[in-house]
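Below is one structure, written out as C-alpha cells; comments come after it.
Spelled out as C-alpha cells, the structure:
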C-alpha cells in the first residue's frame, strides 16, 4: 500500500511523531468504504460501524454485509474482465480435441525457438486447460496460451505466393514503362553560352583553374 509508506515520511518532514500519524491514517483507511466491496474493512471485521473523523452517510440497513460485499466484488471483477478483454482485443480460441499444435518452450539461449519443433495432438480440453500428446508418448498439460495451432494447409500458402508474384510482376512492368517514358521526356543537358571571366576581389584577380568534367566547365 503506497500511501502507507508516504505517511511516516510526511510526518518526519513536518516534525511530528510518525507513530501517531500512522495510527490516524490506518483509522481513516479502515473506516473508508472500499472501492471494490463498497463496505469499510472495519465494518466487515467487527460487524458494526466504526466512527472516524470523516463524515459518512448511512445507507440502508443491510443484515448480511459479507454477502453484499461479495456480490459487489463479483460484479466489479466481471466489469474489469470485460474491460480488459475489450482493451486487449481478446478472441476465443478455436483449438479443439484432435488438432495438432506446437507447444511454447523455455528459451535456453538466443538460438532457441519460441515453440518446440515436435508437434503435439490435443487429447483433452477443459476450458483453458489443455492436455496434449506427441508421437513419442510425452503428455503435457498447459494453459491454452502455451499452444499454437500448426498450419498444414500448403495450398493456401502457394496461392498467396502466386498472387504476390503476379502483383510484383505487374508493378515491375509499370515501373519499367514509367521509367522509359520519363527517360524520353527528359530534356538534354545544354551547355551554357555565357562568357566567363576571372572574379575580382578588392581589385586583385583570384587565381582559378578550369577543370573539364563530363563535358561541362567546373570551377
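Residue numbers (my numbering): 16 to 234.
From the three backbone atoms N, C-alpha and C, an ideal C-beta is built for every residue, glycine too.
Within its chain, find whatever has a CB closer than 8 Å to the CB of residue 4; leave out the 5 residues flanking it on each side and keep chain order. This structure cannot settle anything about residue 4, because the visible part of the chain is limited to 16 through 234.
Neighbour-count burial assignment, residue 162, 16 or more Cβ in a 10 Å radius: Numbered from its first residue, the chain shown carries residue 162 at position 147. Label assigned to residue 162: buried.
Residue burial classification, residue 170 (beta-carbon count within 10 angstroms, cutoff 16): Mapped onto the chain shown, residue 170 falls at position 155. Here the model assigns residue 170 a pLDDT of 48, short of 50, so the residue's position is not dependable, and the following value carries that caveat. With a 10 Å radius around the Cβ and a threshold of 16 neighbouring Cβ atoms, residue 170 comes out exposed.
What does DSSP give as the partner residue(s) for residue 139 in the beta ladder? Numbered from its first residue, the chain shown carries residue 139 at position 124. DSSP output for residue 139 lists 146 as bridge partner(s).
List the endpoints of the continuous alpha helix (DSSP H) containing residue 117. Taking the chain shown and counting its residues from 1, the one referred to as residue 117 is at position 102. It is not in any alpha helix (DSSP H) - residue 117 instead sits in the beta strand (DSSP E) that spans 115-118.
Chain-order list of residues whose beta-carbon lies under 7 Å from that of residue 64 (same chain, five-residue window excluded): Within the chain shown, the letter at position 49 stands for residue 64. So the list reads 58, once near-sequence residues are dropped.
Once the 5 residues before and after residue 148 are set aside, which same chain residues still bring their CB inside 7 Å of it? On the chain shown, position 133 is the one that residue 148 refers to. Counting only Cβ-Cβ distances below 7 Å, and skipping sequence neighbours, we find 135, 136, 138 and 154.
Is residue 234 helix, strand or coil when you go by DSSP? The residue you call residue 234 lines up with position 219 of the chain shown. Note that residue 234 scores 47 on pLDDT, short of 50, meaning its location in the model is unreliable; the coordinates nonetheless yield the value given after this. Coil.
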